[in-house]
Amino acid sequence: MTPKMLNPHIRGPINAYPVILERGEREVLVDFVDIPWAHTIGDDEESALLNAVDCLETAFEALIDRREPIPEPSAPKRGQRVVIVPVVVAAKAALHNAMLAAGVRKADLTKRLNIAPTLADRLLSMRHQTRIEQIENALAALGQKLVVDVTQ
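Set out below in structure tokens:
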């Protein structure tokens, strides 16, 4: 029995975004199923998928700036490629979504965590290296838990 079967509230991986790859004459285009306005390219499939991680992080930053929810990844179809964003990026996306759901702004978060405003900015910045336990603490302040799963 897998952990997902033990807890029905645990969804699929929060960091595996399905993509559609289209091969052009000299490049590979990447489209994201869950963020249809985000696109990137690469010279080949490998470089396109590497560029896709950066593209997703940029899309997440845009959604955070607009105070819009970051979509959770949909389940990939059989054989469909996925882009894996770093777990810290996925955790920051979850924090942003939890803040939106709770109606909490950065200023509120700074008060709840007793941190400086610049630290709250860093908690949500996709480009800043944040320790995962800092994100865990922020999620806990919102009544949420971060759950990590390992799979093959």
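Residues 24 to 175 (the working numbering) are what the sequence shown spells out, left to right.
Just so you know, even glycine gets a beta-carbon here, dropped at the ideal spot from N, CA and C.
Small disclaimer: the values here were computed from a predicted structure and weren't measured.
As assigned by DSSP and simplified to three states, the class of T133: helix
C-beta neighbour in chain D for P99, strict 7 Å: Of the protein chains in the structure, only one exists, and it is not chain D.
Sequence-distant residues of its chain with Cβ nearer than 6 Å to A61 (five each side left out): F55, C78, A82
Classification of T63 by the beta-carbon crowding that lies within 10 angstroms, buried from 16 upward: buried
Expected contact under 8 Å - CB spacing of V76 and V106 to nearest Å: 6 Å
Alpha-carbon spacing of S70 relative to R150, whole angstroms: 20 Å
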